[in-house]
Every structure is written in C-alpha cells, then in structure tokens.
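Per the working numbering, the very first residue in the sequence shown carries number 1; after that it's consecutive.
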Amino acid sequence: VRKSSSKKYLTDERINFIELNLSSEDDLRQQLAGHEFDYVVHAAGATKCLHKSDFFKTNTDGTKNLVHALITLKMPIKRFVYLSSLSIFGAIRENSPYMEIEENDIPRPNTAYGKSKLMAEKFLDTIGNNFPYVILRPTGVYGPREKDYFMMAKTIKGHIDFSVGFKHQDITFIYVQDLVQAVFLTFNRGKNGRKYFLSDGNIYNSTEFSNYIHENLGRPWWIRIKAPIFILRLATLIGEYAGKITGKISALNNDKYNILKQRNWRCNIEPAVDELGFHPQYDLKCGTELAIKWYKDNKWL
C-alpha cells in the first residue's frame, strides 16, 4: 500500500501490509527486499489529479519503478497483472452503428489518464517475454465503495438525473466482483503479454444505469435533464479553472468532458472468455441492486 492508502476496509487478519513508495525505484528495492511474491497485481493508480503531469508520475513512472525493482531483485513472480483501462483507446469507432473496440485498434487516448495508462502498457511491451505480465482493460468499474458512480446515485436521490449529448451512446460496465474474478483467472491462465478487455458482456444505453439506480432508491420523484454537449464543455472549463485557482480537484474537468462526450464504449471480451475462462456473473441490473444496497447499509445514501 501507499502511505496515503486507506486500510478501513482491509481488516482481515491474513492481510500483511508493506508500505511502498512508487515514486522511487531505490525505495522500492529496499522496501521489497527480503520478500518473495508469486503474483503481483498492480492496481495502484491515479484517476484524478490537479496537474496532468501527476497522472504520468503515478500511472506511468510508478509502474516503471515497480517493474524495474522486481526485475532487479530477481523476484520469482509467476504473473504480474497490470490493471489498465478501456480509456486508453479514447473516442474511436464513433460512427453509427457502433462497433466493438478490438485489441488491434490503434489507441487514441483523449484524456491525461488514458495517455498515462497507455504509456505504462507500452513500457511493459518493451521489457521482453522474460517478465510474465498480463494487462487487463476494464470498462467502467462500479460496486461497493466506488465513489464516481456513487455521485450519480446521490444526485438521483436528490431528484435530478443529469446527462449530456443528444447523439446515441452505447455504454459498458463491469461489476467489481467480476473484475476480481478476472484478476484471479490471469494467475494461471492467459498468455504472457496479452491484453484483455473486460465488461459484463452487455451493451447499455445512457438511461439504463440511472433507471436501475432510481428503481433501487425506491423511485423518488425526479427531473431528467439532458443538456447539449456545449453546456458540458462550458461547465468543465469553469471546473478546470476553479481547480487551478483553489488547488482542489474538480469533478468537472477537461478529462471528464472527453469521457462524457464519448459515445462508444463497446469492447470485445471474447479473448478474455476464450483464453481466461472469464464469465461475468453480474449484469447491470443485478450489480446496481447490490451496489445501492451497500451504499444504503453503510449510510452513504
């Protein structure tokens, strides 16, 4: 874990913590020395940063430092699993009818987050077959303790459902437990150097998620607002500027604009199904019910 990591939900006595400084390869070598690991799952990363350079310091350089330290220490790992993101591809295949994003498509990330994750992937591709890595590219991950989609639930509880853009949007999701299933499958399956898209295998329109949230909140009265893209652009410009002035990260920023504007989030999970034996257990209806129940039980909602 990092020094700033919360251990609130990591209370199992079988868990042993090692504090790591991903910004320093030297520190990592010292911190990891004397330990041996069979499997390393690299899920540490930055999804929100005040300064774009921080995405690359954490997501790209942090990955490089960790891998270099493991190699230098001759750590006998059987599999290194890197959690990347569908966001590395950016807005591609946007012409209707939308087609699934494929592994061989050329990434064109349009966010600092996506660019930093892609650079980490490219680094892994340069280190050769002697390092047993697999890359997972999940779409939007939701479930208990997730905070971004939670804001959507909180807004709907406050009687507002807000969306942007009048052009049709295809969205994909993966429930957190399905993502965990995929991680464990990669320990013994899959091919070194392979990259796998992950979703629940279904395609949703822009209103289905909010409908499921609304239903599980007991159907409170609400107002559905669909704004044109230029309104979102204006709001994110203001949010970006306000963040720089106040020194606080705004939920409405330039990266968020590009994410919300993107219309096609389809991806091909067949390689994960065929090679990993990945079979999603939670569709959006089921996963949303479980997530909202957790938020209620834990007084988030």
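Using N, Cα and C, we set each Cβ at its ideal position, and we do this for glycine too.
Quick check on DSSP: helix, strand or coil for residue 167? The answer is coil: DSSP assigns residue 167 none of H, G, I, E or B.
Which residues mark the beginning and the end of the alpha helix (DSSP H) in which residue 242 is found? For residue 242, the uninterrupted alpha helix (DSSP H) segment begins and ends at 229 to 246.
In its own chain, which residues sit with a C-beta less than 8 Å from the C-beta of residue 31, not counting the 5 before and 5 after it? If we look at residue 31 and ignore the five residues flanking it on each side, its Cβ neighbours are 18, 19, 20 and 21.
Mapping DSSP to helix, strand and coil, what is residue 161? DSSP places residue 161 in strand when its eight states are reduced to three.
Quick check on residue 267: does DSSP put it in helix, strand or coil? Looking at residue 267 - three-state DSSP - the assignment turns out to be strand.
Is the CB-CB distance between residue 135 and residue 121 below 8 Å? Yes.
Label residue 272 either buried or exposed according to how many other C-beta atoms from any shown protein chain fall within 10 Å of its C-beta, with 16 as the threshold for buried. It is buried - the Cβ of residue 272 has at least 16 other Cβ atoms within 10 Å.
Meets three-Cβ-pair contact criterion under 8 Å: the segment 148 to 163 and the segment 88 to 98: No contact exists between the segment 148 to 163 and the segment 88 to 98.
Our contact map puts residue 4 next to residue 59 with C-beta atoms below 8 Å; I'd like the distance itself, whole angstroms only. Not quite, the Cβ-Cβ distance comes to about 16 Å (not below 8 Å), so this is no contact.
Cβ-based neighbour list, residue 316, same chain, cut-off 7 Å, excluding 5 preceding and 5 following: Because the chain is modelled from 1 through 301, residue 316 falls outside the range shown and cannot be assessed.
Using 8 Å as the Cβ pair cut-off and three pairs as the minimum, do the segment 175 to 182 and the segment 274 to 294 touch? Counting Cβ pairs under 8 Å, three or more are found: they touch.
Rounded straight-line distance, which links the Cα of residue 276 to that of residue 2: Their backbone Cα atoms lie some 30 Å apart in a straight line.
What residue ranges within the segment 181 to 232 form continuous beta strand (DSSP E) runs of no fewer than 3 residues, ordered along the chain? Listed in chain order, the complete beta strand (DSSP E) runs (minimum 3 residues) inside the segment 181 to 232 are 195 to 198 and 223 to 227.
Tell me the rounded alpha-carbon separation between residue 11 and residue 145. For residue 11 and residue 145, the distance between alpha carbons rounds to 15 Å.
Using the three-state DSSP reduction, which class does residue 279 fall into: helix, strand or coil? Three-state result, residue 279: coil.
Per-residue DSSP class, three states only, for residue 295: Of the three classes helix, strand and coil, the one that applies to residue 295 here is helix, per DSSP.
Residue 138: which of 201, 216, 104 and 298 sits nearest, CA to CA? Cα-wise, what sits closest to residue 138 is 201.
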